[in-house]
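Residue numbers (our numbering): 313 to 538.
Just so you know, even glycine gets a beta-carbon here, dropped at the ideal spot from N, CA and C.
Small disclaimer: the values here were computed from a predicted structure and weren't measured.
Read through the structure below, which is laid out as C-alpha cells, and then see the notes.
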Amino acid sequence: MSATQKIAVHSLPDLKATTDDALPNYLHSLKFKQIHTQTDVRLVLGYSAVIIAGALFYFDWKYGWEASKPYTLSAVVAYFILNGAFSYWLWFVEKGVVYEGEGRTGRVRILSSTKKHIPIYECDVVFHPTPYSSNPSQTLHIRAPMTHWFTSDGYFVAKPFQQWLASEVPVIGAADPNNVVEEIGRGSLGGMDKTLNLNSSNAVDILQQLKASGAKFASGDAQRRR
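Rendered as C-alpha cells:
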C-alpha cells in the first residue's frame, strides 16, 4: 500500500500495512541493504508445495487415475511436509518480520505487531552494531501510537515515523542522527561530531546524546523566536 494513499483511519490492518511498507522505504533511504534470505526460503517452500500439487493434478488429468496412483501417496506426503514446513517457517522463524537489513552502522531485524482494536505499533528489534566481531547483538521492544504519523483524514506523514525509529533504535539513530529527537525536540546535532563510533557498549549513550542535542536545539530555537 502506498504511503501517500489515503486510508480509513479506523482500519487497523490498513494502518499497520501502510506503516510496514514505510519502514523499508525509510531504511533504504539511509543506505541499508535488505536481506532477503528468510523471504527466499519461504517462497521456495511455498512454491515447491504448489508445484507438487499442480504436477500431480496434471498427471492425473492427462493419464488417468491408474497411471498416477503409484505417485499419489508420495506426492501427498511431500505436499503436507512442505506445507507444514512453510507454516512453521512463517509463524516461528519469521514471526512477523517486516524488515531485515544491513547498513554502515550495523544490522537490524524488525518484527511488527498490533493488538486487536488498539492502534499502537509495536516492534521487536534485534540490532547488531558494527564491528560485528566485538559487538554482540541486542534486542529491544518499542511501541508508539500510529496516530503520531497518520493525519486525522488518513494520510501517512513520514517525518514523525522516521523520528520515532531513529530515536529508539541505536543503529538507525546513528545512521540518521538529524532525525533523533526528544519528545519536544526536532533533530539536530548542533555542535556534535557527526562521525559516530557505535558499538554495543556505547549505543544507548550515543542515542541519549543525540536526543539531548535535539532538545538543546529546540530550546535555542524557541529562545530565538521570543
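Would you call the segment 444–451 and the segment 366–374 touching, i.e. three or more CB-CB distances under 8 Å?
-> No: fewer than three Cβ pairs fall under 8 Å.
Could you give the DSSP three-state label for Tyr467: helix, strand or coil?
-> coil
Specify the secondary structure class of Val493 as computed by DSSP and reduced to three states.
-> coil
Within its chain, find whatever has a CB closer than 6 Å to the CB of Gln317; leave out the 5 residues flanking it on each side and keep chain order.
-> none
Are three or more beta carbon pairs between the segment 405–413 and the segment 340–352 nearer than 8 Å?
-> yes
Is it buried or exposed for Ser399, if we count other Cβ within 10 angstroms and need 16 for buried?
-> The residue is exposed, with fewer than 16 neighbouring Cβ atoms inside 10 Å.
Going by C-alpha distance, which of Tyr391, Ala365, Val469 and Asp436 is nearest Ile454?
-> In terms of Cα proximity to Ile454, the closest of Tyr391, Ala365, Val469 and Asp436 is Asp436.
Does any C-beta atom of chain C lie closer than 9 Å to the C-beta of Leu477?
-> The structure shown has no chain C; it contains just one protein chain.
Report back the beta-carbon spacing between Tyr426 and Glu434 to the nearest angstrom; my notes put them in contact at under 8 Å.
-> Per the sequence presented here, residue 426 reads as Thr, with Tyr not at that position. Correct: roughly 7 Å between the Cβ atoms.
Would you list, in sequence order, the uninterrupted alpha helix (DSSP H) runs of no fewer than 4 residues that lie entirely inside the segment 347–416?
-> 349–375 and 377–400
Going by Cα to Cα distance, which pick from Ser323, Tyr391 and Gln350 is closest to Ile364?
-> Closest option to Ile364, Cα to Cα, is Tyr391.
For the alpha helix (DSSP H) holding His340, just list the boundary residues, first then last.
-> Leu324 to Ser341
Give the C-beta separation of Ala487 and Gly415 to the nearest angstrom, bearing in mind that I take them to be a contact with Cβ-Cβ under 8 Å.
-> By a beta-carbon distance limit of 8 Å, Ala487 contacts Gly415. Their separation comes to about 5 Å.
DSSP on His453, reduced to helix/strand/coil?
-> strand
Can the beta-carbon of Ala334 be found closer than 9 Å to that of Phe439?
-> no
Could you say which of Gly466, Pro472, Gln450 and Pro457 lies nearest to Val483 if we only look at CA atoms?
-> Gln450
Would you grab the beta carbon distance between Leu402 and Ala361 for me? Rounded to a whole angstrom, and I think it's under 8 Å.
-> About 12 Å separates the two Cβ atoms, so there is no contact after all.
Per-residue DSSP class, three states only, for Val420 | In this structure, Val420 counts as strand in the three-state DSSP scheme.
Use the C-beta contact count for Thr384: other C-beta atoms within 10 angstroms, 16 or more gives buried, fewer gives exposed.
-> exposed
Which one of Val321, Ala478, Arg354 and Thr463 has the shortest CA to CA distance from Lys407?
-> Arg354
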